[in-house]
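Notes for the one structure printed next.
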Amino acid sequence: MTSSNTPRPGGVGPLAGRTVSRVGYGAMQLERLHDDRSAALALLRRAAELGVDHVDTAQFYGDGFVNGLIREAFRPEDGVLVVSKVGADPNPGGRIRLRPAQRPEELRASVEDNLMSLDVDQVPVVNLRRLDAGPGLRAEGDQVVDIDDQLAVMTAMRDEGKIGAIGLSSVTLDGLRRALPAGIVCVQNAYSLVARDDEELLRLCLAEGIAWVPYFPLGSAFPGIPKVTEEPAVLAAAESLGSSPSQIGLAWLLHHAPNVLLIPGTGDAGHLEANIAAGSIAIDDATLATLDAVPSRSAEISLG
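Read left to right, the sequence shown gives residues 1 to 304 (full-length UniProt numbering).
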């Protein structure tokens, strides 16, 4: 487990019956280190040394490459809670690197692939990546699957012990309401200081004791999605608090709601340390009010 002498980045919060550091790590960008496995492993080890004990991954990150790194990097005594996701598969050579994999049999196959690449008997948390909301893929044809049918296979795999707990990603407010009886432990939606369309969804998660795990916490390079680090109020706060704009964007999320858990991703050790340090930034009430007043400028984008 994480040493009692190691600070918990951002404090702690509950996830799937565990207490985890509020600043975790999103492993997607480790794909960029495909040709430098030792650097990727060192980055994961460094994250654990700094108190990170919540890591987000997926089998489709590098078609098992990232899961293999996680399997190799972490030891049981590190106490790292690994969260994966299903709902898409690699699409080598395609215009878009992912293709929808929403059918129940595909969800089951994806969980089995995660079990194999992580070399575990159970994935602690698996997020069902819906294609209803947020940037990215959209389902067509036989990939348009009712959430109840998907939750049926997810709960069956939980009953079988293959999944410890179920989360949702890119879900609508109605979708979460329908899913609540299944026992949802976390929601991953695109959300940041400048893209806050899901405020009502966040409030429902808070009321239900569900962790809110935003992806694109600083915006995105996707065209049309605003970037937190270009927001004048963020730049001013960064200057006054002696922090970077990225750190202000992450710190604001932690201040905004107590059920927020962060999973910022990076392939760079310096950025990793800066992201973790964001968990220690205190934002005064006046600055927080200024940041809260920034208008949401979300953009609905489809890549497929």
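Each residue gets a CB set at the ideal place from its N, CA and C atoms; glycine is no exception.
Please state whether the Cβ-Cβ distance between residue i and residue j is less than 8 Å.
i, j, result
"residue 261", "residue 54", "yes"
"residue 31", "residue 66", "yes"
"residue 245", "residue 229", "yes"
"residue 43", "residue 269", "yes"
"residue 100", "residue 131", "yes"
"residue 254", "residue 22", "yes"
Considering only residues of the same chain and omitting the five flanking positions on each side of residue i, which have a CB-CB separation below 6 Å?
i, result
"residue 114", "59, 84 and 123"
"residue 300", "Because residue 300 carries a pLDDT of 48, less than 50, the predicted location of this residue cannot be relied on, and the following value inherits that uncertainty. Excluding positions up to five away in sequence, the list is empty."
For residue i, count neighbouring Cβ atoms within 10 angstroms of its own Cβ and tell me buried if that reaches 16, exposed if not.
i, result
"residue 48", "buried"
"residue 110", "buried"
"residue 34", "exposed"
"residue 116", "exposed"
"residue 231", "buried"
"residue 158", "buried"
With respect to 7 Å, is the separation between the Cβ of residue i and the closest non-hydrogen atom of the ligand NAD below this value?
i, result
"residue 240", "Absent from the structure shown: the ligand NAD. Ligands present: none."
Starting from the C-beta of residue i, find all residues in its chain whose C-beta is less than 7 Å away, skip the five residues before and the five after it, and write them out in chain order.
i, result
"residue 118", "67, 70, 71 and 82"
"residue 24", "52, 54, 55, 56, 261, 262 and 263"
Going along the chain, which residues of its own chain have a beta-carbon closer than 8 Å to the beta-carbon of residue i, five neighbours each way excluded?
i, result
"residue 240", "287"
"residue 61", "27, 28, 30, 31 and 67"
Quick test of your reading: residue i and residue j, contact by CB under 8 Å. State the CB separation rounded to the nearest angstrom.
i, j, result
"residue 98", "residue 153", "Incorrect: roughly 20 Å between the Cβ atoms, too far for contact."
"residue 133", "residue 151", "Contact doesn't hold; Cβ gap of about 17 Å is too wide."
"residue 280", "residue 197", "The pair is not a contact, with the Cβ atoms about 29 Å apart (cut-off 8 Å)."
"residue 193", "residue 41", "Their Cβ separation, rounded to whole angstroms, is 33 Å, which puts residue 193 and residue 41 out of contact at 8 Å."
"residue 251", "residue 207", "Their Cβ separation, rounded to whole angstroms, is 24 Å, which puts residue 251 and residue 207 out of contact at 8 Å."
In this structure, how does DSSP classify residue i when only helix, strand and coil are distinguished?
i, result
"residue 236", "helix"
"residue 2", "With a pLDDT of only 49 at residue 2, under 50, the local geometry of the prediction cannot be trusted, and the value read off the model is given with reservation. Residue 2 falls in the coil class under three-state DSSP."
"residue 124", "strand"
"residue 220", "coil"
"residue 103", "coil"
"residue 291", "helix"
"residue 84", "strand"
"residue 188", "strand"
"residue 18", "strand"
"residue 90", "strand"
"residue 296", "coil"
"residue 147", "helix"
"residue 243", "coil"
"residue 7", "coil"
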